[in-house]
Amino acid sequence: MRQNMIFATIKVVKSWDLAQFLAMGQEQRNAIRKALNEDADKLLQEGDPADPQLRRLRREMEEVNRLFDEFERRARAEEESKNATRNFNDQIASLQASLDEAERTLAVRTAAFLPRDLDSLEHLVIEHKEFETQLQALGPEVEDVQVTFRSVARKTPAMQTKLDKCLNKWNQLWSSSHLYIERLKCVEIVLTGLEEATTVVSEFELKLASYEELPSEVDALQAVHEDLLNLQNSVSQQQIVIDQLTEDVHNARRLVEKSRPTHRGPHADLERLEADVSRLTNRWENVCEQLVDRLRSCEAAYGLLQTYANSYQTEVSWVDESYGKLNNLAPIGINAKEQLEPTKALYNSVVEKTQAVEQVNVVGGRFIREAK
């Protein structure tokens with residue numbers, strides 16, 4: 001009778017699946033196994049070892065105990081999988097929230113206006129270093145959530161999607177962060193170049209202003225011409241500063257636009273920076289044009305001054321000679337008829353020289369205009 005009951009119980013146990021096994025609960029499962037083993041052991045101890053039914057019972061009990069062990073192993077694995085799933089969901093939710101917050105912070109910074117000076121830019125650099133330090137601190141969480149995901153026995157497509165989303169955002173954040181750093185570096189180069197170029201342009205403007213009026217002495221004018229030639233050489237050497245500034249502001253536009261992929265419409269801060277560079281470039285072009293004009297005027301004035309000086313000296317010598325002749329004429333007296341021819345000859349020479357003297361005055365006037 002007891003034997004039949006044990007075999008019936010064994011049959012029931014062998015019919016269980018994992019869901020039925022888990023539905024009973026730990027205490028009930030242990031109680032059934034304990035009772036079944038105690039009854040079978042007692043029956044085996046009391047009976048004849050050679051009895052075929054008892055040998056069958058021993059085999060059945062060994063099989064049932066292996067089944068219990070297998071169910072317990074699978075139950076533990078199921079519980080571990082559930083725990084791993086809960087841990088994964090908790091970790092992924094926390095990590096996603098942190099990454100979303102970092103994304104919002106970075107979005108605000110990339111949308112913010114470009115700094116107008118190096119001090120403001122330095123503040124942004126320090127601020128972003130702190131951001132990257134905080135972002136790097138999330139690295140262990142990123143590693144942990146991947147480890148937890150691998151430990152989940154029954155992975156679902158939804159879990160895979162959550163993980164992929166987090167990993168993509170993690171990588172995208174670092175890419176955007178590095179792009180923002182490149183943008184800061186480029187803006188720093190532009191601001192530094194703008195300061196340097198402004199100093200250069202201002203110095204040349206002041207130097208040109210000192211040559212507003214040219215001297216009227218040949219040696220002094222020649223010295224001014226040499227100064228202007230040296231200034232022209234310096235301008236040629238500094239042209240690379242202006243060209244580099246123009247290239248740098250173009251790079252700044254490329255990086256700013258790339259760092260604001262969702263922005264629509266003009267970038268007011270970028271256009272203002274470009275306007276600053278454009279105004280400075282126009283000043284530089286004016287310097288170059290004024291320098292060319294000054295050199296042309298100086299060279300023309302130099303030629304006119306030499307012509308004027310030579311002509312002036314010739315005419316002064318003639319005037320002195322004419323005055324000498326006039327003074328040598330005897331006073332008009334009883335021999336006035338004899339003095340008529342020399343006086344007439346002197347008068348005619350003066351008339352002939354009138355155009356030459358006027359030409360000297362014309363050359364002098366042209367020089368004065370060029371000198372101013």
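FYI, in UniProt numbering the residues of the sequence shown are 1 to 372. Ideal Cβ placement from N, Cα and C applies to all residues, glycine included. Predicted model, so just to flag it, every value in this text is computed and none were measured.
Would residue 436 and L121 qualify as a contact pair, given that the criterion is a beta-carbon distance under 8 Å? The requested residue 436 does not occur in the structure, where the chain is confined to residues 1 to 372.
Compute the beta-carbon to beta-carbon distance between L184 and L124, rounded to the nearest angstrom, for a pair I have assumed lies under 8 Å. Your numbering for residue 184 matches position 184 in the sequence shown. Your numbering for residue 124 matches position 124 in the sequence shown. A Cβ-Cβ distance of about 6 Å is found for the pair L184 and L124, placing them in contact under the 8 Å criterion.
Write down every uninterrupted run of the alpha helix (DSSP H) in the stretch 94 to 174 whose length is 4 residues or greater and which is fully enclosed by it, in chain order. Taking only runs of at least 4 residues, the alpha helix (DSSP H) segments lying wholly in the stretch 94 to 174 are 118 to 136 and 139 to 151.
Check for me: the alpha helix (DSSP H) holding A35 runs from which residue to which? Taking the first residue of the sequence shown as position 1, residue 35 is located at position 35. Its alpha helix (DSSP H) spans residues Q26 to E46.
Is D248 close to chain D? Criterion is C-beta to C-beta, closer than 8 Å. Of the chains in the structure shown, none is chain D; there is only one protein chain.
I need the DSSP call for Y211, collapsed to helix, strand or coil. Here residue 211 corresponds to residue number 211 of the sequence shown, with the count starting at 1. Y211 sits in coil when the DSSP states are folded into three classes, being neither helix nor strand.
At a cut-off of 7 Å, would you count D219 as near the ligand COA, judging by its Cβ distance to the nearest heavy atom? Here there are no bound small molecules, and the ligand COA is not part of this structure.
Length of the line joining the Cα atoms of Q20 and I10: Here residue 20 is taken as the residue at index 20 of the sequence shown, counted from 1. Here residue 10 is taken as the residue at index 10 of the sequence shown, counted from 1. Q20 and I10: Cα-Cα distance of roughly 15 Å.
Considering only the beta carbon of each residue, do H267 and V256 sit closer than 8 Å? Sequence index remark: in the sequence shown, residue 267 carries index 267 (1-based). Sequence index remark: in the sequence shown, residue 256 carries index 256 (1-based). Yes.
For a test of the three-state rule: what should DSSP assign to Q51, helix, strand or coil? By 1-based counting over the sequence shown, the position of residue 51 is 51. A quick correction: the sequence has Asp, not Gln, at residue 51. In the structure shown, the three-state DSSP call for D51 is coil.
Simplified DSSP assignment, three categories, for H267: By one-based count along the sequence shown, residue 267 stands at place 267. DSSP, read as helix, strand or coil, puts H267 in coil.
Helix, strand or coil at R260 [DSSP, three-state]: For the purposes of this step, residue 260 is identified with residue 260 of the sequence shown, where counting begins at 1. Here R260 sits in coil by DSSP.
Mind reading off the beta-carbon distance from L36 to R2? Whole number of angstroms is fine, and I expect it under 8 Å. For the purposes of this step, residue 36 is taken as the residue at position 36 of the sequence shown. For the purposes of this step, residue 2 is taken as the residue at position 2 of the sequence shown. Rounded, the Cβ-Cβ distance is 12 Å, inconsistent with contact.
Where does T133 land, buried or exposed, given buried means 16+ other C-beta within 10 angstroms? In the sequence shown, the residue the question calls residue 133 occupies position 133. Classification of T133: exposed, given that the 10 Å Cβ count is below 16.
How many angstroms separate the CA atom of V360 from the CA atom of Y211? Counting from 1 along the sequence shown, the entry for residue 360 is found at position 360. Counting from 1 along the sequence shown, the entry for residue 211 is found at position 211. Summary for V360: the model assigns pLDDT 46, below 50, so the residue's position carries little reliability; its value from the coordinates is reported in the next sentence. Looking at the two C-alpha atoms, the distance is approximately 25 Å.
Determine the burial state of L57: buried for a count of at least 16 other Cβ atoms within 10 Å of its Cβ, exposed for fewer. In the sequence shown, counting from the first residue as 1, residue 57 sits at position 57. Per the 10 Å Cβ criterion, buried.
Taking Cβ positions, are R272 and T110 nearer each other than 8 Å? To locate residue 272, count along the sequence shown from 1; it is residue 272. To locate residue 110, count along the sequence shown from 1; it is residue 110. Between R272 and T110, the C-beta gap is not smaller than 8 Å, which leaves the two residues out of contact.
Local Cβ density within 10 Å of Q91, reported as buried at 16 or more and exposed below that: Within the sequence shown, residue 91 is the residue found at index 91, counting from 1. Burial state of Q91 is buried, judged by a 10 Å Cβ sphere holding 16 or more other Cβ atoms.
Going by beta-carbon coordinates alone, are L208 and R283 separated by less than 8 Å? Residue 208 sits at position 208 when you count from the first residue of the sequence shown. Residue 283 sits at position 283 when you count from the first residue of the sequence shown. No. Outside cutoff.
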